[in-house]
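Q: Residue numbers (the UniProt record's numbering), protein chains in the order written: chain P, 1 to 283; chain H, 1 to 329.
For glycine and all other residues, C-beta sits at the position ideal for the given N, C-alpha and C.
A quick note: this is a predicted structure, and the numbers were derived from the prediction, not measured.
Can you keep this structure in mind? I'll have questions shortly.
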């Protein structure tokens with residue numbers, strides 16, 4: 001009887017689970033060739049934080065990115081985080097929903113790794129994070145789409161293979177100055193003085209774990225690494241163009257100075273000093 | 001945006017300079033805290049100058065583009081398509097616990113993105129609110145939130161990393177303490193010098209005063225010696241202050257008395273006994289008269305009678321009656 005009862009109750013539980021929708025996300029993490037050490041460490045940090053991710057070897061090509069979809073399929077992944085390095089210094093991030101899109105391209109700035117000594121927090125490897133989005137994400141423009149995509153990528157699905165059953169860190173996304181600032185904090189529920197557990201929620205505090213970086217949105221594509229552009233950021237200028245403008249400014253400085261010099265010379269040449277009548281009176 | 005010199009210099013622990021440089025890099029903000037750093041001042045200023053240049057360039061591009069409105073017309077924004085895609089991406093009837101995503105109740109507004117303090121504070125506020133809300137929601141979904149203290153598992157940062165971090169924190173703390181102590185010491189030194197100067201002054205003042213007093217006393221005594229001959233003692237009463245005047249007055253009086261009085265009787269007796277004045281030598285030497293003189297000897301004193309009559313018992317306990325037959329008389 002007992003076994004029959006057990007089997008029945010189990011069945012009912014299973015049915016409940018089936019009825020609830022769940023997300024089974026896996027993320028493919030990879031970079032292009034020519035990536036610098038700092039950015040490589042950033043990918044390493046993300047891999048540690050996302051137990052449902054699969055890190056792949058560096059991608060050789062920078063042109064035919066649609067190949068990534070096949071790669072994702074091979075790895076059983078439905079999300080892709082692809083870090084594209086250009087000119088060693090510039091890092092771009094593609095966040096994509098694998099076979100059908102959308103995909104979003106960001107410019108990554110101001111990268112700080114987890115191993116930096118300023119960031120003193122720590123958390124369990126593979127524990128599920130809370131995700132905190134700034135109120136600015138709540139619009140009908142590109143930010144809502146970004147939010148839903150990030151929810152898929154950065155939230156660890158329940159019961160992921162390497163995940164831990166507790167919540168001890170929180171990832172935050174805030175929109176400041178038209179960019180998305182990403183941070184990762186440890187949730188400390190201990191009194192810093194006594195070391196005892198806090199009973200009051202007000203005593204909760206946060207310590208940053210890292211990594212931290214800033215994403216500047218460039219474009220949203222309808223497909224995954226292909227398709228028409230749904231959104232293009234008018235305020236984005238490529239770092240190369242900015243550098244070029246800066247160089248122009250530098251050279252303009254020199255040109256201005258040389259022109260001014262020439263003008264001064266011409267001015268001095270044009271002045272004719274009147275002759276002094278009494279110059280040789282006392283000679 | 002970073003300078004090419006920093007291309008290959010990644011180290012595990014990125015130094016403060018790097019950290020600050022990065023900050024200045026990011027928003028290309030001209031006034032980051034980088035001037036705190038002493039070691040690489042020149043380098044930093046160069047970085048800053050470059051950052052400033054780039055910022056100016058960016059602004060210039062923006063201005064020129066906005067003027068011609070080229071980019072504006074080019075930029076695509078298909079709202080409807082994005083909305084549809086967003087809906088497609090979001091699975092319906094999903095439990096909150098599946099994503100654990102929280103939207104903050106307020107919109108983060110930072111006036112000056114180059115102001116680190118304001119920015120960090122804003123982000124912290126947003127995250128703390130989310131953490132508190134998240135804990136409630138997680139517990140409501142009947143999922144464990146807090147990690148029990150006896151649950152040990154692999155952490156994101158290894159123990160070695162944490163040790164490094166701890167060391168750095170301790171060092172930082174120590175250096176702050178040291179500088180504070182040095183500051184205190186410096187202040188104390190300043191103040192100590194003041195005290196020392198004051199003490200020396202005080203000492204000099206007291207010395208001067210005592211010297212003056214001594215001089216005065218010397219003068220007075222000299223004048224007293226002169227006055228004794230001619231005028232009398234009343235003169236120095238007017239000279240000194242009241243207390244000293246009293247005492248000198250007393251002395252003078254006694255001296256006057258001594259002059260008038262005869263020596264007292266006791267003194268006279270002692271003088272007769274031990275002598276006063278006159279020749280001292282040979283006074284104690286025996287002479288024929290002194291040998292024959294028996295006036296100082298009491299012949300009765302050492303007689304046997306008197307000795308026997310004396311009480312020979314030693315003072316002590318009184319014997320109790322009927323107890324000691326020896327003492328029984």
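1) With DSSP as the reference, identify every bridge partner of residue 181/P, one or two as the case may be.
2) Helix, strand or coil: which one does DSSP assign to residue 266/H?
3) Check each residue of the segment 92 to 105 of chain H: if its Cβ is closer than 9 Å to any Cβ of chain P, include it; give the result in chain order.
4) Less than 8 Å between the beta carbons of residue 54/P and residue 81/P, yes or no?
5) Taking CB distances under 8 Å as the criterion, tell me whether residue 128/P reaches chain H.
6) Under 8 Å by Cβ, that's how I've got residue 103/P and residue 223/P pegged, so tell me the actual separation to the nearest angstrom.
7) Tell me the rounded alpha-carbon separation between residue 55/H and residue 101/H.
8) Would you decide whether residue 194/H is buried or exposed? Buried here means 16 or more other CB atoms lie within 10 Å of its CB.
9) Report the three-state DSSP secondary structure of residue 82/P (helix, strand or coil).
10) Which same chain residues end up closer than 8 Å to residue 316/H when comparing Cβ atoms and leaving out the 5 residues on each side of it in sequence?
11) For a cutoff of 8 Å on Cβ pairs, would you count residue 26/P as touching chain H?
12) When burial is assigned at 16 or more other CB atoms within 10 Å of the CB, is residue 166/P buried or exposed?
13) May I ask which residues mark the beginning and end of the alpha helix (DSSP H) holding residue 133/H?
14) To the nearest angstrom, how far is it from the Cα of residue 225/H to the Cα of residue 219/H?
15) Leaving out five residues on either side along the sequence, give the residues of the same chain with a beta carbon under 6 Å from the beta carbon of residue 264/P.
16) If you draw a straight line from the alpha carbon of residue 98/H to that of residue 210/P, how long is it in whole angstroms?
17) Can you tell which of 89/P, 99/P, 158/P has its C-alpha closest to the C-alpha of residue 51/P?
18) Tell me whether residue 239/P is buried or exposed, calling it buried when 16 or more other Cβ atoms sit within 10 Å of its Cβ.
19) By Cβ distance below 6 Å, which residues in the same chain neighbour residue 4/H in space, the five residues on each side in sequence not counted?
20) Are any of the Cβ atoms in chain H nearer than 8 Å to that of residue 42/P?
21) I want to verify the contact list: residues of chain P whose CB lies under 7 Å from the CB of residue 165/H, in sequence order.
22) Output, in chain order, the set of chain P residues within a Cβ distance shorter than 8 Å of residue 85/H.
23) List the whole-angstrom C-beta distance separating residue 148/P from residue 89/H, where the pair is believed to meet the contact cut-off of C-beta under 8 Å.
24) Enumerate, from N- to C-terminal direction, the unbroken alpha helix (DSSP H) stretches of 4 or more residues contained entirely within the segment 230 to 274 of chain P.
25) Quick one: is residue 262/H buried, meaning 16 or more other Cβ sit within 10 Å of its Cβ, or exposed?
26) Using a cut-off of 7 Å between C-beta atoms, extract the partners of residue 168/H located in chain P.
27) Using 10 angstroms around the beta-carbon of residue 274/P, count the other beta-carbons present and answer buried if the total reaches 16, otherwise exposed.
28) Does the CB of residue 22/H have a neighbour CB from chain P at under 8 Å?
29) Residue 263/P CB to nearest chain H CB: under 8 Å?
30) Output needed in chain order: residues of the segment 54 to 65 of chain H with a Cβ under 7 Å from some Cβ in chain P.
31) Do residue 113/P and residue 38/P have their beta-carbon atoms positioned less than 8 Å apart in this structure?
32) Buried or exposed for residue 125/H, please, with buried defined as at least 16 other CB atoms from any protein chain shown within 10 angstroms of its CB.
33) Which residue wins for smallest C-alpha separation from residue 159/H, given the options 122/P, 139/P, 138/P?
34) With 8 Å set as the bound, which would you pick, yes or no: does the beta-carbon of residue 47/H sit closer than that to a beta-carbon of chain P?
35) Residues of chain H with CB closer than 8 Å to the CB of residue 49/P, please, in chain order.
36) At which residues does the alpha helix (DSSP H) containing residue 109/P begin and terminate?
A: With the structure as the only source:
1) 174/P, 214/P
2) helix
3) 92, 93, 94, 95, 97, 98, 99, 100, 101, 102, 103, 104, 105
4) no
5) yes
6) 7 Å
7) 35 Å
8) exposed
9) strand
10) none
11) no
12) buried
13) 116 to 140
14) 10 Å
15) none
16) 23 Å
17) 158/P
18) buried
19) At residue 4/H the pLDDT is 41, less than 50, meaning the model places this residue with poor confidence; the figure from the coordinates comes in the next sentence. So no residue of the chain qualifies.
20) no
21) 117, 120
22) 101, 102, 145, 222, 230
23) 5 Å
24) 239 to 270
25) exposed
26) 117
27) exposed
28) With a pLDDT of 47 at residue 22/H, under the threshold of 50, the modelled position of this residue cannot be trusted; read the value that follows with caution. Answer yes: the Cβ-Cβ gap between residue 22/H and chain P drops below 8 Å somewhere.
29) no
30) 54, 56, 57, 58, 60, 61
31) yes
32) exposed
33) 122/P
34) no
35) 156
36) No alpha helix (DSSP H) contains residue 109/P, which is instead part of the beta strand (DSSP E) from 103 to 112.
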